[in-house]
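In this note's numbering, the protein residues as written are 12 to 329. Data block below; observations after.
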């Protein structure tokens, strides 16, 4: 999100969340029948669990492979990237200045939004991380100007990249190797998180300051995008977008917690106070629990997940 917050407002769904404090292997099991409040029925929709305690707050989050098993990778506001495995173990991977959004490629490498160096006014860049080594692959706009804040990044179905420069109000695309950077749109106010539809035919982008969600069609054959149109309004301060297999959209918001789209608008999943300013989310895969969304957060140094009772596609979308 790249904003400074001193508090939060609960706008939707302010009933008390159920939070289970458990970072053991059982906390990641598909059958959570050991919960005291639901001994036989398993987890309830909207139930929140604490997964691991980290050193700082987090923003970027993705699921990738660590030592051959699915793991949650989180970008901490310190710049440290850590992997959290299904037994709750936290392993440092590397440190990148100003680490924000990250996304995995099919070959196991990942791309990461960050800054060129540790100075406060350093321009935004895009890193590629292979075998624990970070290399800058994008550092200038198509007009050869510096980026402001490279905030969130995704990998398209054709392996190209798409990322936001939030204060510049621009969404960019680039080839997989970082070449051929081009403007996708400059019509969204403070574009933040983004996600592809489950079939890869559409890109959704969150307009954080405008409380809006925008959408554009994606052409796999040409790697091009249509003009963006307004998809949803009145989604307060949307930061991250998570897409389910059935195309249900979950919005991780700074002020309203996690909400999801319905045929008539949006409905609450958890209030913001359940995890203290959630930032981004990703569906678990494999032993992490496929019906849980893992959440980064800017108000707590604890990694959480919320049960939603449906799964999402493996990323990147193919």
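For glycine and all other residues, C-beta sits at the position ideal for the given N, C-alpha and C. Quick caveat, the model's predicted, so the values are computed rather than measured.
Do you know how far the Cα of residue j is from the Cα of residue i?
| i | j | result |
| --- | --- | --- |
| residue 224 | residue 104 | 33 Å |
| residue 85 | residue 227 | 28 Å |
| residue 33 | residue 71 | Caution applies to residue 33, whose pLDDT of 43 falls short of 50 and renders its modelled position unreliable; the value that the coordinates give is listed next. Taking the straight line from one Cα to the other gives about 22 Å. |
| residue 260 | residue 139 | 28 Å |
| residue 173 | residue 91 | 23 Å |
| residue 250 | residue 271 | 13 Å |
| residue 276 | residue 142 | 43 Å |
| residue 235 | residue 187 | 14 Å |
| residue 301 | residue 323 | 7 Å |
| residue 287 | residue 120 | 30 Å |
| residue 296 | residue 74 | 7 Å |
| residue 202 | residue 118 | 28 Å |
| residue 80 | residue 102 | 13 Å |
| residue 308 | residue 154 | 34 Å |
| residue 310 | residue 327 | 28 Å |
| residue 192 | residue 266 | 33 Å |
| residue 46 | residue 55 | Confidence is the limiting factor: at residue 46 the pLDDT is only 44, short of 50, which leaves the residue's position unreliable, though a coordinate-based value still follows. Going by the C-alpha atoms only, they are around 10 Å apart. |
| residue 213 | residue 325 | 16 Å |
| residue 215 | residue 243 | 10 Å |
| residue 49 | residue 320 | In this prediction, residue 49 has a pLDDT of 45, which is less than 50 and means its spatial position is unreliable; nothing more can be read from the coordinates. |
| residue 147 | residue 190 | 12 Å |
| residue 238 | residue 220 | 20 Å |
| residue 282 | residue 76 | 30 Å |
| residue 274 | residue 127 | 43 Å |
| residue 255 | residue 262 | 11 Å |
| residue 229 | residue 195 | 11 Å |
Grouping DSSP H, G and I as helix and E and B as strand, with all else coil, what is residue i?
| i | result |
| --- | --- |
| residue 298 | helix |
| residue 284 | helix |
| residue 212 | coil |
| residue 116 | coil |
| residue 316 | strand |
| residue 54 | coil |
| residue 260 | strand |
| residue 225 | strand |
| residue 74 | strand |
| residue 308 | strand |
| residue 104 | strand |
| residue 37 | In this prediction, residue 37 scores a pLDDT of 34, lower than 50, which makes its location untrustworthy; the coordinate-derived value is nonetheless stated afterwards. DSSP places residue 37 in helix when its eight states are reduced to three. |
| residue 67 | coil |
| residue 173 | strand |
| residue 303 | strand |
| residue 123 | strand |
| residue 278 | strand |
| residue 232 | coil |
| residue 328 | coil |
| residue 164 | strand |
| residue 184 | strand |
| residue 139 | strand |
| residue 192 | coil |
| residue 159 | coil |
Are residue i and residue j touching if we call contact CB-CB under 8 Å?
| i | j | result |
| --- | --- | --- |
| residue 211 | residue 231 | yes |
| residue 107 | residue 145 | yes |
| residue 306 | residue 289 | yes |
| residue 291 | residue 109 | no |
| residue 164 | residue 114 | yes |
| residue 68 | residue 88 | yes |
| residue 7 | residue 161 | Because the chain here runs from 12 to 329, residue 7 falls outside it and cannot be looked at. |
| residue 62 | residue 95 | yes |
| residue 97 | residue 298 | yes |
| residue 132 | residue 159 | no |
| residue 280 | residue 264 | no |
| residue 184 | residue 171 | yes |
Who are the Cβ neighbours of residue i in its own chain at under 7 Å, not counting the five residues just before and after it?
| i | result |
| --- | --- |
| residue 130 | none |
| residue 197 | 180, 181 |
| residue 241 | 223, 225 |
| residue 278 | 270, 271 |
State the CB to CB distance for the pair residue i and residue j, rounded to an integer number of angstroms; the pair is presumed to be in contact (CB under 8 Å).
| i | j | result |
| --- | --- | --- |
| residue 134 | residue 157 | 4 Å |
| residue 222 | residue 258 | So it is not a contact: roughly 21 Å between Cβ atoms. |
| residue 316 | residue 168 | With 8 Å as the limit, residue 316 and residue 168 do not qualify as a contact, their Cβ atoms being about 26 Å apart. |
| residue 252 | residue 204 | 5 Å |
Here's a check: name, in chain order, each residue in its chain whose Cβ is nearer than 6 Å to the Cβ of residue i, leaving out the five neighbours to either side.
| i | result |
| --- | --- |
| residue 116 | 166 |
| residue 293 | 72, 73, 74, 305 |
| residue 312 | 65, 67, 68 |
| residue 303 | 295, 316, 318 |
Does chain D have any CB closer than 8 Å to the CB of residue i?
| i | result |
| --- | --- |
| residue 285 | Judged by its chain identifiers, the structure shown contains no chain D, having just a single protein chain. |
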